[in-house]
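Enquirer: Residues in the sequence shown are numbered from 1 upward in steps of one, following full-length UniProt numbering. For every residue, glycine included, the Cβ atom is placed at its ideal position computed from N, Cα and C. None of the values given here were measured: they were computed from a predicted structure.
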Amino acid sequence: MKIEKVEIKRLHLPLKEAFEASIGQQTKRDFLLVSVHSEGAVGYGESVAMPTPFYNEETTETVLYMLETFLIPKLLSGTIESPEDVARLFSPIRRNQMAKSALESAVWDLHAKQKGISLARALGGTRQEIEVGVSVGIEKSVDAVVAKVEGFVADGYKKIKVKIKPGFDIALIEGLRKRFGDSLPLMADANSAYSLDQLDLIKELDDYNLIMIEQPLAHDDIVDHARLQHQMKTPICLDESIHTFEDARRAIELGSCKIINIKVGRVGGLTEAKKIHDLCLAHDVPVWCGGMFESGVGRAHNIAITSLPNFTIPGDTATSSRYWERDIVTPAVEFAKPGILAVPDGPGIGYEINWDVVKALQVMEKSYSQ
Ligand code: OSB
Ligand code: MG
């Protein structure tokens with residue numbers, strides 16, 4: 001496979017409403033749509049980095065810089081036999097996982113299209129349908145979150161994840177349990193807002209039958225998380241701390257978590273995501289697919305990876321309409337049944353790009369060839 005041309009379009013996609021977490025508030029996506037071309041076929045990927053370095057160190061601008069300066073030249077000048085070779089080609093470049101993933105996941109789509117199979121099948125996926133949950137931001141009051149959750153439960157979402165932060169935690173979970181009972185599949189995501197100094201407070205969360213607590217401690221920690229997990233019956237799930245297969249191996253070995261959130265962008269692409277999936281399967285650690293407010297392109301990659309067997313917990317890949325007035329793919333990502341997305345069986349990601357929408361959102365466009 002020889003990549004002849006790469007195109008980047010920078011898009012501004014407004015969220016229907018602001019989303020708040022302990023790491024700050026988002027009102028729009030500012031992201032890159034990447035196309036890779038070979039022998040008449042085109043594969044698509046997206047950069048999931050935020051405009052600001054508050055989730056991880058990457059930003060839309062650093063991704064653009066890394067793509068232009070290092071990653072695209074490497075891809076255009078190298079020869080690859082399969083998408084797995086892209087990760088190998090990029091391996092001398094340290095970190096910058098989201099930049100790598102934008103390009104690597106596009107090559108996976110291209111590869112599947114050239115073979116005439118779905119991306120899910122190319123990855124070894126086995127499911128035709130996936131169950132999905134939804135991530136719910138911090139609001140002005142507990143009642144406001146309860147009202148939001150009310151709607152998502154009615155929509156049929158299979159898991160409710162609420163964002164928590166110090167001062168907006170126990171009362172929130174208590175309020176949700178009071179309103180929806182103990183059987184609501186509920187979890188909390190702290191985005192690293194706590195430290196072991198707040199151990200007693202975190203331990204209080206153990207009384208609410210949560211499916212898991214996601215990334216309570218530092219974004220770069222696996223040692224304190226292990227100490228915490230050993231004192232909690234609620235599973236700890238790692239998000240921010242896991243960037244590679246090796247990170248996952250060490251976290252499992254230390255007992256830092258019982259569940260891992262796999263985000264394709266955070267781990268540098270689909271090849272690494274699949275490797276982490278396989279490792280977790282071998283260690284009886286269930287995984288689920290996290291989200292980064294993806295457009296339909298990233299959503300399609302998430303759906304494809306979620307079709308692998310160890311994605312046994314509903315992920316954050318909600319429908320397009322959760323965040324977007326109009327998505328950049330057609331058809332939009334919609335439920336096949338309440339809380340269930342069909343895994344597309346058409347070639348590649350299985351969605352077409354809606355170029356009218358892309359044109360309306362586009363603020364920059366560049367093309368690179370040898
Ligand atoms: O921590 O999972 C997270 C969004 C941006 C950055 C980090 C996270 C999130 C979400 C929303 O929780 C996930 C989504 O709905 O796409
Ligand atoms: Mg998270």
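Relative to the alpha-carbon of Leu-270, which residue among Leu-11, Lys-100, Ala-218 has its alpha-carbon at the smallest distance?
Expert: Indexing the sequence shown from 1 puts residue 270 at position 270. The residue with the shortest Cα to Cα distance from Leu-270 is Lys-100.
Enquirer: State yes or no: is the C-beta of Gly-296 nearer than 7 Å to some heavy atom of ligand 1?
Expert: For the purposes of this step, residue 296 is taken as the residue at position 296 of the sequence shown. No.
Enquirer: With a cut-off of 8 Å, do at least 3 Cβ pairs link the stretch 142 to 162 to the stretch 341 to 348?
Expert: Not touching, per the Cβ criterion.
Enquirer: Taking Ser-118 as the reference, give the member of Val-142, Val-329, Ala-304, Thr-319 with the closest Cα.
Expert: What you label residue 118 is simply residue 118 of the sequence shown in a count that begins at 1. The residue with the shortest Cα to Cα distance from Ser-118 is Ala-304.
Enquirer: Flag Ala-218 as yes when its Cβ comes closer than 7 Å to any non-hydrogen atom of ligand 1, and as no otherwise.
Expert: Locating residue 218 in the sequence shown gives position 218, where the first residue counts as 1. It does not: the Cβ of Ala-218 is nowhere closer than 7 Å to a heavy atom of ligand 1.
Enquirer: Just the C-alpha distance for Thr-79 and Gly-40, rounded to the nearest angstrom, thanks.
Expert: Here residue 79 corresponds to residue number 79 of the sequence shown, with the count starting at 1. Here residue 40 corresponds to residue number 40 of the sequence shown, with the count starting at 1. Their Cα atoms are separated by approximately 17 Å.
Enquirer: With 16 other CB atoms within 10 Å as the buried threshold, where does residue 387 fall?
Expert: The question about residue 387 has no answer, for the chain in this structure spans 1 to 370.
Enquirer: Check whether the Cβ atoms of Tyr-368 and Lys-5 sit closer than 8 Å, and answer yes or no.
Expert: The residue given as residue 368 occupies position 368 in the sequence shown. The residue given as residue 5 occupies position 5 in the sequence shown. Result yes, Cβ atoms of Tyr-368 and Lys-5 sit closer than 8 Å.
Enquirer: Let me know if Thr-52 comes out buried or exposed under the rule of 16 or more other beta-carbons within 10 Å of its beta-carbon.
Expert: Position 52 of the sequence shown, counted from the start, is the residue given in the question as residue 52. Answer is exposed; the Cβ neighbour count stays below 16.
Enquirer: What do you reckon, is the C-beta of Glu-214 under 7 Å from a heavy atom of ligand 2?
Expert: In the sequence shown, the residue the question calls residue 214 occupies position 214. Yes, the Cβ of Glu-214 comes within 7 Å of a heavy atom of ligand 2.
Enquirer: Which class does Met-50 belong to by DSSP, given the choice of helix, strand or coil?
Expert: By one-based count along the sequence shown, residue 50 stands at place 50. If DSSP states are grouped into helix, strand and coil, Met-50 belongs with coil.
Enquirer: My output table needs one value for Thr-319: the three-state DSSP class, helix, strand or coil.
Expert: Taking the sequence shown and counting its residues from 1, the one referred to as residue 319 is at position 319. If DSSP states are grouped into helix, strand and coil, Thr-319 belongs with coil.
Enquirer: Within its chain, find whatever has a CB closer than 8 Å to the CB of Asp-81; leave out the 5 residues flanking it on each side and keep chain order.
Expert: Residue 81 sits at position 81 when you count from the first residue of the sequence shown. Sequence inspection shows Glu at residue 81; the Asp mentioned does not correspond to that position. Answer for Glu-81: Met-1, listed in chain order.
Enquirer: For His-225, does the three-state DSSP call read helix, strand or coil?
Expert: The residue you call residue 225 lines up with position 225 of the sequence shown. Here His-225 sits in helix by DSSP.
Enquirer: From which residue to which residue does the beta strand (DSSP E) around Thr-27 run?
Expert: The residue given as residue 27 occupies position 27 in the sequence shown. Its beta strand (DSSP E) spans residues 24 to 38.
Enquirer: Please find out if some non-hydrogen atom of ligand 2 comes closer than 7 Å to the beta-carbon of Asp-169.
Expert: In the sequence shown, counting from the first residue as 1, residue 169 sits at position 169. Result no, Cβ not under 7 Å from ligand 2.
Enquirer: Strictly by DSSP, which residues pair up with Ser-256?
Expert: Locating residue 256 in the sequence shown gives position 256, counting from the first residue. According to DSSP, Ser-256 bridges with nothing at all.
Enquirer: To the nearest angstrom, report how far apart Ser-77 and Leu-89 are at their CA atoms.
Expert: To locate residue 77, count along the sequence shown from 1; it is residue 77. To locate residue 89, count along the sequence shown from 1; it is residue 89. Going by the C-alpha atoms only, they are around 10 Å apart.
Enquirer: Determine the closest residue to Asp-143 out of Ala-171, Thr-126, Leu-110, Gln-215, with distance taken between C-alpha atoms.
Expert: Stepping through the sequence shown from its first residue, residue 143 is reached at position 143. Asp-143 has its Cα closest to that of Ala-171, out of Ala-171, Thr-126, Leu-110, Gln-215.
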